[in-house]
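Following: one structure in structure tokens, then a few remarks.
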Amino acid sequence: MVILKEKTDPFFDKQEARQNFEQNRTELQDINGFEKIFSNSRFFNIYHHGYVGSVFIYEGEDGKNYIGGYAARKHHQDVVAAICQAADLFEEVYAHTTHLNAVIALKKAGFEWVSRKQHLLKRKRKETK
């Protein structure tokens with residue numbers, strides 16, 4: 284079972300999130316740095332038998348919610364579950380990525396292409412009855 288710990292949780296480990304962010308910074312194509320992303324997003328650590336990675340949702344310049352994140356290798360199912368949990372907190376979430384592994388995880392989490400040319404995907408929350 285995948286558990287998300289939000290940054291406001293007393294058991295959230297910011298140092299672990301920061302360390303793994305720095306290890307994955309190049310792949311994230313980050314220009315803002317950890318503190319800016321951390322303070323301007325809903326930020327979660329992902330746990331399943333220990334720390335797996337982090338996922339965050341932030342507001343883009345266009346006013347839409349976007350999802351981003353990073354995780355250890357060989358935790359694909361955990362990442363998909365975490366994406367679903369985080370995305371379900373919002374009516375609509377977008378993702379922008381050029382990484383095939385990220386696209387595969389996003390598609391398994393219910394994201395659909397908005398524009399392949401712009402590498403943009405979108406997920407709408409499913410209504411429950």
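Under this note's numbering, the first residue of the sequence shown carries the number 284, and numbering increases by one thereafter. Quick reminder that beta carbons are idealized off the backbone N, C-alpha and C, glycines included. Note that this is a predicted model, so its numbers are computed, not measured.
query: Counted within 10 angstroms of its Cβ, other Cβ atoms place Leu-389 as buried (16 or more) or exposed; result: buried
query: Cβ neighbours of Val-362 in the same chain (closer than 6 Å, five flanking residues each side left out); result: Ala-354 and Ala-388
query: Neighbourhood of Asn-384 by C-beta distance below 6 Å, restricted to the same chain and skipping five residues each side; result: none
query: Start-to-end residues for the beta strand (DSSP E) that takes in Phe-304; result: No beta strand (DSSP E) holds Phe-304; the alpha helix (DSSP H) holding it covers 297-311.
query: Where the beta strand (DSSP E) through Val-338 begins and ends; result: 334-342
query: CB of Met-284 within 8 Å of CB of His-358, strictly; result: no
query: Local Cβ density within 10 Å of Thr-291, reported as buried at 16 or more and exposed below that; result: exposed
query: Opening and closing residue of the alpha helix (DSSP H) in which Ile-320 lies; result: 317-322
query: Rounded separation between Arg-301 and Ile-350 - CA only; result: 17 Å
query: Simplified DSSP state of Val-386, which is helix, strand or coil; result: helix
query: Cβ neighbour criterion (16 or more within 10 Å) applied to Arg-408; result: exposed
query: Outcome for Gly-243 when other beta-carbon atoms lying within 10 angstroms are tallied against a minimum of 16; result: This structure leaves residue 243 out entirely; the chain is present only between 284 and 412.
query: Close-in-space but distant-in-sequence residues of the same chain around His-402 (CB under 7 Å, 5 per side omitted); result: His-379, Thr-380 and Thr-381
query: Reference Phe-373, options Lys-391, Arg-356, Glu-342 and Val-386, closest by Cα; result: Glu-342
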